[in-house]
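In order, the protein sequences belong to chains A and B. Each residue of the first sequence is one higher than the last, beginning at 0 in numbering that gives the first Met the number 0. Each residue of the second sequence is one higher than the last, beginning at 0 in numbering that gives the first Met the number 0. Backbone N, C-alpha and C define an ideal beta-carbon position, used for all residues, glycine too. Okay, structure first, notes after.
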Amino acid sequence: MDYEAVIGLEVHLQLATESKLFCGCPTKFGAPPNSQTCPVCLGLPGVLPVLNEQTVDWGVRVACALNATIGQIMKFDRKQYFYPDLPKSYQISQYDQPLAQHGHLDIVVDGQPKRIGIRRIHLEEDAGKLLHEASATESFVDFNRTGVPLLEIVTEPDLRSADAAYQYLTELKAILEYLDVSTCNMEEGSLRCDTNISLRPPKATTLGSRVEVKNLNSFRAVKLALEYEATRQAAALDGGEPLPQETRLWNAKAQRTEPLRSKEEASDYRYFPEPDLVPFTLEAALVERLRQALPELPAQRRSRLQSAYQLSAYDAQVLTQSRVLADLFEGALRCGASPKPAANWIMGELLAYLNAKGLEPSAVKLRPEWLAHLVELIAQGTLSGPMAKAVFLQMVERGLDPVQIVAEGRLAQIVDPGALERIAEEVVQANLKSVADYRSGKVNAFTYLMGQAMKRSQGKANPQQMAELLKRTLHNDGGPTP
Amino acid sequence: MAGGELASKTIHELRALIDAGTISPQELLDDLLTRLAQLNPSLGAYIDIAPERLRRQLREEFSADRRGLLWGIPITIKDNICIAGEETTCASRILRGFRPPYDATVIERLRRAGAFLIPRANMDEFAFGSSTENSAWLITRNPWAPDRVPGGSSGGCASAVAGDLAIAALGSDTGGSIRQPASFCGVVGLKPTYGRVSRYGLVAFASSLDQIGPIAKDVTDCAMVLSAIAGHDARDSTSAPVEVPDYVGQLGGSVKGLRLGVPELPREGLNDEVERAIAQAVTVFEGLGLEVEPVQLPNIGKSVAAYYIIATAEASSNLARYDGVQYGFRAAVHRPPSTVHSELMEMYLRTRTEGFGAEAKRRILLGSYVLSHGYYDAYYLKGMKVRTLIKRDFDEAFRRCDVLLMPTSPTPAFRLREKVDDPLQMYLSDIYTISANLAGIPAVSLPCAFSGEGLPIGMQLLAAPFREDVLLRTAYAYEQATKWHLRAPQVRGER
Chain A
0 MDYEAVIGLE
10 VHLQLATESK
20 LFCGCPTKFG
30 APPNSQTCPV
40 CLGLPGVLPV
50 LNEQTVDWGV
60 RVACALNATI
70 GQIMKFDRKQ
80 YFYPDLPKSY
90 QISQYDQPLA
100 QHGHLDIVVD
110 GQPKRIGIRR
120 IHLEEDAGKL
130 LHEASATESF
140 VDFNRTGVPL
150 LEIVTEPDLR
160 SADAAYQYLT
170 ELKAILEYLD
180 VSTCNMEEGS
190 LRCDTNISLR
200 PPKATTLGSR
210 VEVKNLNSFR
220 AVKLALEYEA
230 TRQAAALDGG
240 EPLPQETRLW
250 NAKAQRTEPL
260 RSKEEASDYR
270 YFPEPDLVPF
280 TLEAALVERL
290 RQALPELPAQ
300 RRSRLQSAYQ
310 LSAYDAQVLT
320 QSRVLADLFE
330 GALRCGASPK
340 PAANWIMGEL
350 LAYLNAKGLE
360 PSAVKLRPEW
370 LAHLVELIAQ
380 GTLSGPMAKA
390 VFLQMVERGL
400 DPVQIVAEGR
410 LAQIVDPGAL
420 ERIAEEVVQA
430 NLKSVADYRS
440 GKVNAFTYLM
450 GQAMKRSQGK
460 ANPQQMAELL
470 KRTLHNDGGP
480 TP
Chain B
0 MAGGELASKT
10 IHELRALIDA
20 GTISPQELLD
30 DLLTRLAQLN
40 PSLGAYIDIA
50 PERLRRQLRE
60 EFSADRRGLL
70 WGIPITIKDN
80 ICIAGEETTC
90 ASRILRGFRP
100 PYDATVIERL
110 RRAGAFLIPR
120 ANMDEFAFGS
130 STENSAWLIT
140 RNPWAPDRVP
150 GGSSGGCASA
160 VAGDLAIAAL
170 GSDTGGSIRQ
180 PASFCGVVGL
190 KPTYGRVSRY
200 GLVAFASSLD
210 QIGPIAKDVT
220 DCAMVLSAIA
230 GHDARDSTSA
240 PVEVPDYVGQ
250 LGGSVKGLRL
260 GVPELPREGL
270 NDEVERAIAQ
280 AVTVFEGLGL
290 EVEPVQLPNI
300 GKSVAAYYII
310 ATAEASSNLA
320 RYDGVQYGFR
330 AAVHRPPSTV
340 HSELMEMYLR
350 TRTEGFGAEA
360 KRRILLGSYV
370 LSHGYYDAYY
380 LKGMKVRTLI
390 KRDFDEAFRR
400 CDVLLMPTSP
410 TPAFRLREKV
420 DDPLQMYLSD
430 IYTISANLAG
440 IPAVSLPCAF
450 SGEGLPIGMQ
460 LLAAPFREDV
470 LLRTAYAYEQ
480 ATKWHLRAPQ
490 VRGER
């Protein structure tokens, strides 16, 4: 039977604020273990949390970007459980009055627009990190991550396919990147995702057994895990097998989900309002100010690029998937580049380069005016196709203006007839056998001689001119014309 | 001088002597330490004393330039207030060996005022108790009678101040833990308004009820210590950005015409002598020109129930961090982990079972229960609603009165071991002190009589939030008119 998949996503996002949620420690990733801690985030006896207001501002901005209703009161609660990476044995989180609720995010699935509801968005502190691999007998705890601010974003179960889930995550990441609130890096753990999926017969109104899947390290893993689960659950339902409500882990190596070892006891988190923090009103005026100051978001930018520059929906999508790329594109246009070539360079060479090196767009220091200059140099004829690609590579790797690269003297195309003639002469002199071959009718010999000419000019000879001059030299140089 | 001559003086007396150059801080400390050596073995006010280290600290760390209100004065600190580098255990096995890497805000402020710190006054474990019998380390005796409790949980502080083993002390009060021992030991104990004094560095019992406050020989000393520690602290989100008045300067102000409210109270277990003492105090206040009137606090009878729900709930959460992972005691897991638990769970269970005393466990269980799924509404939420009613009663009372008068404790000091096996009886001894914590208002206990057996009886004055000025002024006027504070116990072992 064909079942309908009902899918929800829960994203935990680390906010890249200056300091942690309740203390002044830095939030930077990769510091030596336990070097970014203080009595407060270590939960030592006697310490108290103090709210970092920047985290609230950023949370509100994200909530506005996701069309959610901002709560009027900002209140925190304690979520209590025991684990070595949780120093206070409770996490300060938000329970019944989250920062925001009832938002939505629009995606496109199979060419159709779909609105995904966002149930809630709330702030909470991150836990530390446990390290098990360093020793056979002991585990270690690194508390650098304890207290880092997290924004939890929970969807309604509105997704109906693994692909839709992937689309949601991609669009969400783009929005978050545009807001510049997080490094959004799943490998580093600044963006984490759990998913839940249940199946039901088509047209059913109740939900089936829900399975939660954790340990997902990439958007692709989310998609694969959901596809796997859909198949597994369908087979179980078809076979009349029981399908318990459970939590499973994604095993990336084996490409399957596996049941989590059963927990010691059911979790009763014993939520109650955090008495060390005083609830306060989120001023409507502040919220409005933050909303007005939002940058143009991906969806808006896509429409604008399509209408302003006659870009296709596909091109607009690719260019806006990252704010860096979109800024580069529009920046180049402002410096005089025309849209089509600028778009092609970004979507073609640049993305290919980034993908090959596994880099994010922000990793490359490419200035818009350089891209504009490159386009201009090609339009002028100073750079030919293959040369332009070489210049592009240098531009990206050395971080230099292409005008400067060309001016270094080694990459300008040679168009001076005198110089080209000289090259032609030299090639003929050095390759008498090939010349003879050519004159005796072997056309391939010309190709070989052209290659030699290009090589001798270090690829800088203008190909059309070189070919012409080479032919002339071959014919003028005595000997019969074929 | 023989031991105790200087130790028996008040801060303000010593201030004058030190400023005049008549005595040095070193002499003062020596005198105090001599008396401590003599009497702490029998009184048990301090968990631990390191006299040579203290002398050395005074010699090496004390700057001659620092001139503050408390310069050169030793202040005794309860074992639940963090002093950097000092062992701070809250009288619990589970924190044995724990040395905080930071100073509590009140400690920083005392240092800035020039005080010298004497750590580790004994207490009930994690402040759970009314007799200091719940300490994991030793019991403390009442200097007025060695077979009597000093009260709790700041029993070590009160006993030390009363017995002149301390000049003054900082204790903490969640349900009466400063005021009740002050009452039992015949000294002055003040619980400030919630938010008046920073809680940063106070090992938390109940976050919405705890306050640090002074225990001293008289009202003037109390005002001096409060001045040094009060005020907003950015590290405590619950501390109030309210200006600190000149408590000391205003002490002698007139009390004529102030309105004194006497509430009708639950009389369960109220001792006759205590009742008479309060009646006599009313007469004194009338003589001082205050207008006395009865007031109603209709919901006060629900205080103990509401308190033991809210306080234990918060305590169960605040004590969850003592799990053997980072610091303090961790039980050894010898035998191979059972198939029922993981090794981690085994460690947690053993550490907390072996590390906590009986009363701590009792409160953690109670608190976890009232917060558990399905019971939150019936207990914790309801308790908080009752709390609001109690607060409103006080708000109403303070519209008509400046100060309220009531007993501190239903009885004078009871005997050691008398209530330790009956937790409910122990809880009921807090019946008059608890409501001030629930309402967040300031309250002070000062001596107002002695029982037929020669035990101190304390009376309690309460005021509106942040009106410690009126509170202390009223207490001062009473004290100066009656001189109860000049009586001192004859402690066995004295010369």
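Residue i versus residue j: straight-line alpha-carbon distance, rounded
i, j, result
"B:A462", "B:Y477", "15 Å"
"B:L42", "B:G3", "15 Å"
"A:A161", "A:V180", "26 Å"
"B:F127", "B:L364", "13 Å"
"B:V281", "B:N436", "24 Å"
"B:C400", "A:C192", "59 Å"
"B:I17", "B:V385", "50 Å"
"B:M405", "B:S130", "21 Å"
"A:T490", "A:A15", "Chain A is shown only over 0 to 481; residue 490 of chain A falls outside these bounds and no answer can be derived."
"A:G330", "A:P294", "16 Å"
"B:L259", "B:G188", "20 Å"
"B:A330", "B:S134", "20 Å"
"A:S88", "A:L190", "23 Å"
"A:L373", "A:R303", "25 Å"
"A:Q93", "A:H121", "6 Å"
"B:K216", "B:V273", "21 Å"
Three-state class that DSSP yields for residue i in the structure shown
i, result
"B:K384", "helix"
"A:Y80", "coil"
"B:W483", "helix"
"A:H474", "helix"
"A:M185", "coil"
"B:T88", "coil"
"A:E89", "Contrary to the premise, residue 89 of chain A reads as Tyr rather than Glu in this sequence. Reduced to three states, the DSSP call for A:Y89 is strand."
"B:S171", "strand"
"B:H333", "coil"
"B:N298", "coil"
"A:T256", "strand"
"B:I495", "An answer regarding residue 495 of chain B cannot be provided, because it is not within the stretch 0 to 494 covered by chain B."
"B:I166", "coil"
"B:H340", "coil"
Member of the options whose CA lies at the smallest distance from the CA of residue i
i, options, result
"A:E396", "A:V363, A:E407 and A:M386", "A:V363"
"B:N270", "B:D123, B:T282 and B:P455", "B:P455"
"B:D376", "A:A418, A:Y270 and A:L469", "A:Y270"
"A:P385", "A:G458, A:V323, A:L431 and A:G347", "A:G458"
"A:Q232", "A:K172, A:T381 and A:R199", "A:R199"
"B:R398", "B:K418, B:L296, B:F115 and B:A359", "B:L296"
"A:A30", "A:M346, A:E187 and A:E9", "A:E187"
Counted within 10 angstroms of its Cβ, other Cβ atoms place residue i as buried (16 or more) or exposed
i, result
"A:M0", "exposed"
"B:H484", "buried"
"B:A278", "exposed"
"A:E263", "Reliability of the predicted coordinates at A:E263 is poor, the pLDDT of 47 falling under 50, and the value obtained from them is presented with this limitation in mind. Counting Cβ neighbours within 10 Å, A:E263 comes out exposed, since fewer than 16 surround it."
"A:K202", "exposed"
"A:I72", "exposed"
C-beta atoms of residue i and residue j nearer than 8 Å
i, j, result
"B:I48", "B:L38", "no"
"A:C63", "A:L289", "yes"
"B:L250", "B:L471", "yes"
"A:V147", "A:L129", "no"
"B:T481", "B:R178", "no"
"A:L168", "A:L12", "no"
"B:L169", "B:V105", "yes"
"A:L276", "A:F142", "no"
"B:N141", "B:C184", "yes"
"B:A412", "B:G150", "yes"
Distance cut-off 7 Å: residue i Cβ against heavy atoms of the ligand NAD
i, result
"A:F75", "Annotation note on the ligand NAD: not contained in the displayed structure, which lists no ligands."
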